[in-house]
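Here is the structure we will look at.
Numbering (this note's numbering), first residue to last: 7 to 275.
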(Lines of atoms letter the chains of each structure in order from A; the text may use other names.)
(Lines give C-alpha, C1' and ligand atoms only; values in the text may rest on other atoms or scores of the structure.)
Protein backbone atom coordinates (compact mmCIF):
# COMPACT_ATOMS: atom_id res chain seq x y z
CA UNK A 7 0.00 0.00 0.00
CA UNK A 8 2.88 2.37 0.77
CA UNK A 9 4.34 1.79 -2.69
CA UNK A 10 0.93 2.52 -4.21
CA UNK A 11 0.81 5.95 -2.58
CA UNK A 12 4.38 6.68 -3.60
CA UNK A 13 3.38 5.90 -7.21
CA UNK A 14 0.36 8.19 -6.97
CA UNK A 15 2.28 11.07 -5.39
CA UNK A 16 5.21 10.87 -7.82
CA UNK A 17 2.81 10.49 -10.75
CA UNK A 18 1.00 13.66 -9.69
CA UNK A 19 4.29 15.52 -9.24
CA UNK A 20 5.48 14.46 -12.70
CA UNK A 21 2.19 15.21 -14.42
CA UNK A 22 1.84 18.63 -12.82
CA UNK A 23 5.41 19.79 -13.33
CA UNK A 24 6.66 18.21 -16.57
CA UNK A 25 5.23 20.90 -18.84
CA UNK A 26 4.98 23.78 -16.37
CA UNK A 27 8.06 26.03 -16.06
CA UNK A 28 8.88 24.77 -12.56
CA UNK A 29 11.11 21.73 -13.33
CA UNK A 30 9.72 18.22 -13.07
CA UNK A 31 13.18 16.69 -12.59
CA UNK A 32 13.88 19.01 -9.70
CA UNK A 33 10.57 18.29 -8.03
CA UNK A 34 10.92 14.52 -8.50
CA UNK A 35 14.41 14.51 -6.98
CA UNK A 36 13.29 16.55 -4.01
CA UNK A 37 9.96 14.77 -3.48
CA UNK A 38 11.72 11.43 -3.85
CA UNK A 39 14.09 12.37 -1.07
CA UNK A 40 11.17 13.50 1.09
CA UNK A 41 9.39 10.16 0.50
CA UNK A 42 12.55 8.14 0.96
CA UNK A 43 12.16 6.84 -2.59
CA UNK A 44 15.62 7.00 -4.14
CA UNK A 45 18.09 4.77 -5.94
CA UNK A 46 18.07 2.93 -9.25
CA UNK A 47 14.48 1.72 -8.95
CA UNK A 48 13.29 5.28 -8.32
CA UNK A 49 15.25 6.54 -11.33
CA UNK A 50 13.71 3.88 -13.55
CA UNK A 51 10.25 4.71 -12.20
CA UNK A 52 10.77 8.39 -13.07
CA UNK A 53 11.58 7.43 -16.66
CA UNK A 54 8.37 5.43 -16.96
CA UNK A 55 6.12 8.16 -15.57
CA UNK A 56 7.80 10.72 -17.85
CA UNK A 57 6.64 8.58 -20.76
CA UNK A 58 3.12 8.78 -19.31
CA UNK A 59 3.31 12.57 -19.35
CA UNK A 60 4.66 12.72 -22.88
CA UNK A 61 1.89 10.41 -24.10
CA UNK A 62 -0.62 13.04 -22.94
CA UNK A 63 1.08 15.71 -25.05
CA UNK A 64 1.42 13.38 -28.03
CA UNK A 65 -2.34 12.81 -28.00
CA UNK A 66 -3.10 16.51 -27.54
CA UNK A 67 -0.83 17.45 -30.48
CA UNK A 68 -1.36 14.36 -32.64
CA UNK A 69 -2.59 16.31 -35.65
CA UNK A 70 0.49 18.52 -35.52
CA UNK A 71 2.81 15.54 -35.26
CA UNK A 72 1.22 13.80 -38.27
CA UNK A 73 1.37 17.06 -40.23
CA UNK A 74 5.11 17.38 -39.61
CA UNK A 75 5.61 14.07 -41.42
CA UNK A 76 3.15 14.87 -44.19
CA UNK A 77 0.59 12.37 -42.93
CA UNK A 78 -2.18 14.88 -42.28
CA UNK A 79 -2.92 18.13 -44.08
CA UNK A 80 -3.68 21.18 -41.96
CA UNK A 81 -4.43 24.72 -43.00
CA UNK A 82 -1.73 27.24 -42.15
CA UNK A 83 -2.42 29.76 -39.42
CA UNK A 84 0.63 31.97 -39.45
CA UNK A 85 -0.48 35.61 -39.49
CA UNK A 86 -3.16 34.78 -42.04
CA UNK A 87 -0.59 33.89 -44.71
CA UNK A 88 -1.15 30.14 -44.71
CA UNK A 89 2.21 29.47 -43.04
CA UNK A 90 2.80 26.21 -41.24
CA UNK A 91 5.53 25.03 -38.88
CA UNK A 92 7.55 22.21 -40.46
CA UNK A 93 9.89 19.46 -39.35
CA UNK A 94 12.97 21.63 -39.87
CA UNK A 95 11.77 24.04 -37.17
CA UNK A 96 11.50 21.17 -34.70
CA UNK A 97 14.90 19.76 -35.63
CA UNK A 98 16.54 23.17 -35.21
CA UNK A 99 14.87 23.42 -31.81
CA UNK A 100 15.92 20.04 -30.46
CA UNK A 101 19.35 19.30 -31.96
CA UNK A 102 21.44 21.68 -29.78
CA UNK A 103 20.21 20.33 -26.44
CA UNK A 104 20.15 16.72 -27.62
CA UNK A 105 23.71 16.96 -28.93
CA UNK A 106 25.12 18.51 -25.77
CA UNK A 107 22.98 16.21 -23.62
CA UNK A 108 24.37 13.11 -25.36
CA UNK A 109 27.97 14.26 -25.00
CA UNK A 110 27.58 15.34 -21.37
CA UNK A 111 25.14 12.62 -20.27
CA UNK A 112 27.42 10.98 -17.71
CA UNK A 113 28.58 14.30 -16.26
CA UNK A 114 24.99 15.51 -15.86
CA UNK A 115 23.87 12.27 -14.17
CA UNK A 116 26.88 12.12 -11.84
CA UNK A 117 27.39 15.78 -10.95
CA UNK A 118 24.12 17.66 -11.39
CA UNK A 119 21.45 15.27 -10.08
CA UNK A 120 21.53 16.25 -6.43
CA UNK A 121 19.07 18.17 -4.19
CA UNK A 122 21.57 20.99 -3.71
CA UNK A 123 22.20 21.63 -7.41
CA UNK A 124 18.46 21.39 -8.06
CA UNK A 125 17.63 24.04 -5.44
CA UNK A 126 20.22 26.36 -6.99
CA UNK A 127 18.82 25.68 -10.46
CA UNK A 128 15.26 26.47 -9.34
CA UNK A 129 16.44 29.93 -8.28
CA UNK A 130 18.61 30.61 -11.35
CA UNK A 131 15.89 29.39 -13.70
CA UNK A 132 13.33 31.63 -11.99
CA UNK A 133 15.58 34.65 -12.39
CA UNK A 134 16.02 33.83 -16.07
CA UNK A 135 12.26 33.64 -16.58
CA UNK A 136 11.76 37.07 -14.97
CA UNK A 137 14.58 38.45 -17.13
CA UNK A 138 12.90 37.06 -20.26
CA UNK A 139 9.57 38.66 -19.33
CA UNK A 140 11.19 42.06 -18.85
CA UNK A 141 13.55 41.93 -21.81
CA UNK A 142 11.30 40.23 -24.36
CA UNK A 143 11.33 41.80 -27.79
CA UNK A 144 8.47 42.88 -30.02
CA UNK A 145 6.26 39.92 -30.90
CA UNK A 146 7.01 38.81 -34.46
CA UNK A 147 5.62 35.29 -34.05
CA UNK A 148 2.10 35.49 -32.60
CA UNK A 149 1.51 31.81 -33.39
CA UNK A 150 3.82 28.82 -33.56
CA UNK A 151 3.42 28.83 -37.34
CA UNK A 152 5.00 32.29 -37.54
CA UNK A 153 8.33 31.11 -36.08
CA UNK A 154 11.28 31.43 -38.44
CA UNK A 155 14.11 28.93 -38.64
CA UNK A 156 16.36 31.44 -36.89
CA UNK A 157 13.91 31.82 -34.02
CA UNK A 158 13.50 28.05 -33.70
CA UNK A 159 17.27 27.62 -33.54
CA UNK A 160 17.56 30.42 -30.98
CA UNK A 161 15.04 28.66 -28.75
CA UNK A 162 17.00 25.44 -29.25
CA UNK A 163 20.22 27.07 -28.07
CA UNK A 164 18.55 28.45 -24.96
CA UNK A 165 17.06 25.01 -24.27
CA UNK A 166 20.60 23.80 -23.50
CA UNK A 167 20.19 25.50 -20.11
CA UNK A 168 17.55 22.89 -19.26
CA UNK A 169 20.23 20.19 -19.13
CA UNK A 170 20.89 21.50 -15.62
CA UNK A 171 18.30 19.56 -13.57
CA UNK A 172 15.90 21.98 -11.95
CA UNK A 173 16.21 24.66 -14.62
CA UNK A 174 13.10 23.39 -16.45
CA UNK A 175 12.90 22.51 -20.11
CA UNK A 176 9.58 24.29 -20.60
CA UNK A 177 10.80 27.27 -18.57
CA UNK A 178 13.91 27.69 -20.69
CA UNK A 179 12.12 27.22 -24.02
CA UNK A 180 9.17 29.49 -23.23
CA UNK A 181 11.49 32.16 -21.87
CA UNK A 182 13.72 31.66 -24.89
CA UNK A 183 10.72 32.08 -27.16
CA UNK A 184 9.90 35.42 -25.56
CA UNK A 185 13.48 36.60 -26.06
CA UNK A 186 13.43 35.80 -29.81
CA UNK A 187 10.04 37.42 -30.44
CA UNK A 188 7.44 34.70 -29.92
CA UNK A 189 4.20 35.25 -28.03
CA UNK A 190 3.58 33.31 -24.83
CA UNK A 191 1.18 30.99 -26.66
CA UNK A 192 3.53 30.39 -29.59
CA UNK A 193 6.47 29.72 -27.26
CA UNK A 194 4.43 27.28 -25.14
CA UNK A 195 3.05 25.40 -28.16
CA UNK A 196 6.52 25.04 -29.68
CA UNK A 197 7.92 23.98 -26.31
CA UNK A 198 5.35 21.20 -25.96
CA UNK A 199 5.81 20.02 -29.55
CA UNK A 200 9.60 19.85 -29.12
CA UNK A 201 9.13 17.91 -25.89
CA UNK A 202 7.78 14.88 -27.73
CA UNK A 203 10.94 13.77 -29.60
CA UNK A 204 13.28 15.02 -26.88
CA UNK A 205 11.55 13.14 -24.08
CA UNK A 206 10.91 10.00 -26.10
CA UNK A 207 14.57 9.73 -27.12
CA UNK A 208 15.98 10.77 -23.75
CA UNK A 209 13.65 8.52 -21.76
CA UNK A 210 14.16 5.65 -24.20
CA UNK A 211 17.95 5.97 -23.88
CA UNK A 212 17.75 6.02 -20.08
CA UNK A 213 15.30 3.11 -20.05
CA UNK A 214 17.67 0.97 -22.13
CA UNK A 215 20.32 1.55 -19.47
CA UNK A 216 17.93 0.98 -16.56
CA UNK A 217 15.54 -1.77 -17.69
CA UNK A 218 17.40 -4.38 -15.61
CA UNK A 219 15.97 -2.76 -12.50
CA UNK A 220 12.44 -3.65 -13.65
CA UNK A 221 10.78 -6.83 -12.42
CA UNK A 222 7.37 -8.41 -12.92
CA UNK A 223 6.43 -7.61 -9.32
CA UNK A 224 6.75 -3.89 -10.10
CA UNK A 225 4.30 -3.86 -13.03
CA UNK A 226 1.34 -2.64 -10.97
CA UNK A 227 3.43 0.00 -9.21
CA UNK A 228 4.82 1.37 -12.46
CA UNK A 229 1.42 1.19 -14.18
CA UNK A 230 -0.21 3.31 -11.47
CA UNK A 231 2.49 5.99 -11.77
CA UNK A 232 2.25 5.97 -15.57
CA UNK A 233 -1.54 6.35 -15.57
CA UNK A 234 -1.61 9.08 -12.91
CA UNK A 235 1.13 11.00 -14.71
CA UNK A 236 -0.74 10.72 -18.03
CA UNK A 237 -4.06 12.03 -16.65
CA UNK A 238 -2.54 14.83 -14.57
CA UNK A 239 -0.25 15.96 -17.43
CA UNK A 240 -3.23 16.15 -19.80
CA UNK A 241 -5.12 18.41 -17.39
CA UNK A 242 -2.01 20.46 -16.60
CA UNK A 243 -1.16 21.21 -20.25
CA UNK A 244 -4.68 22.29 -21.18
CA UNK A 245 -4.97 24.45 -18.06
CA UNK A 246 -1.49 25.95 -18.42
CA UNK A 247 -2.07 27.16 -21.97
CA UNK A 248 -5.13 29.08 -20.78
CA UNK A 249 -3.40 30.39 -17.67
CA UNK A 250 -0.18 31.52 -19.34
CA UNK A 251 -1.90 34.16 -21.45
CA UNK A 252 -3.25 35.78 -18.27
CA UNK A 253 -0.49 35.46 -15.68
CA UNK A 254 2.69 35.17 -17.83
CA UNK A 255 5.89 33.60 -16.41
CA UNK A 256 6.63 35.73 -13.35
CA UNK A 257 4.22 33.95 -10.93
CA UNK A 258 5.85 30.64 -11.84
CA UNK A 259 9.27 32.16 -11.16
CA UNK A 260 8.09 33.32 -7.73
CA UNK A 261 6.78 29.82 -7.03
CA UNK A 262 10.23 28.44 -7.87
CA UNK A 263 11.82 30.75 -5.29
CA UNK A 264 9.31 29.66 -2.64
CA UNK A 265 9.81 25.98 -3.49
CA UNK A 266 13.59 26.34 -3.36
CA UNK A 267 13.41 28.05 0.03
CA UNK A 268 11.00 25.45 1.42
CA UNK A 269 13.14 22.54 0.28
CA UNK A 270 16.27 24.18 1.63
CA UNK A 271 14.91 24.91 5.10
CA UNK A 272 12.79 21.80 5.61
CA UNK A 273 14.78 19.10 3.81
CA UNK A 274 18.38 20.06 3.12
CA UNK A 275 19.39 21.94 6.26
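Built from N, CA and C at the ideal position, the CB exists for glycine as well.
- The three-state reading of DSSP puts residue 193 in helix, counting H, G and I together.
- For residue 137, the uninterrupted alpha helix (DSSP H) run begins and ends at 121-141, by DSSP.
- With a cutoff of 8 angstroms on beta-carbon distance, residue 203 and residue 96 are scored as near each other.
- Looking at the DSSP output, residue 188 bridges to 147.
- Scanning its chain for C-beta atoms nearer than 6 angstroms, with the 5 sequence neighbours on each side dropped, one finds around residue 167 the residues 173 and 178, in chain order.
- Residue 138 counts as buried, since at least 16 other C-beta atoms from the protein chains shown sit within 10 angstroms of its C-beta.
- Distance from the CA atom of residue 261 to the CA atom of residue 149, rounded to whole angstroms, is 27 angstroms.
- Classified as buried, residue 31 has 16 or more neighbouring CB atoms from the shown chains inside 10 Å of its CB.
- Counting of Cβ neighbours within 10 angstroms places residue 253 among the exposed residues, the total staying below 16.
- Closest option to residue 274, judged by alpha-carbon separation, among 62, 22 and 36: 36.
- The DSSP-derived three-state label of residue 68 is helix.
- Residues 78 of the same chain have their beta carbon placed closer than 6 angstroms to that of residue 72, with the five preceding and five following residues left out of the count.
- Excluding the 5 residues flanking it on each side, residue 70 has same chain C-beta neighbours closer than 8 angstroms at 80, 91 and 199, in chain order.
- When rounded, the separation of the alpha-carbon atoms in residue 265 and residue 272 is 10 angstroms.
- In the structure shown, the three-state DSSP call for residue 23 is helix.
- For residue 262, the enclosing alpha helix (DSSP H) starts and ends at 256-269.
- For a cut-off of 8 angstroms, the C-beta gap from residue 135 to residue 255 is around 4 angstroms, short enough to register as a contact.
- For the set 105, 170 and 113, the Cα lying nearest the Cα of residue 124 is the one of 170.
- Taking C-beta separations shorter than 8 angstroms and ignoring five residues to either side along the sequence, the partners of residue 196 in its chain run 91, 95, 99, 150, 153, 158, 161, 179, 183 and 188, following chain order.
- Residue environment for residue 250: buried (at least 16 other C-beta atoms within 10 angstroms of its C-beta).
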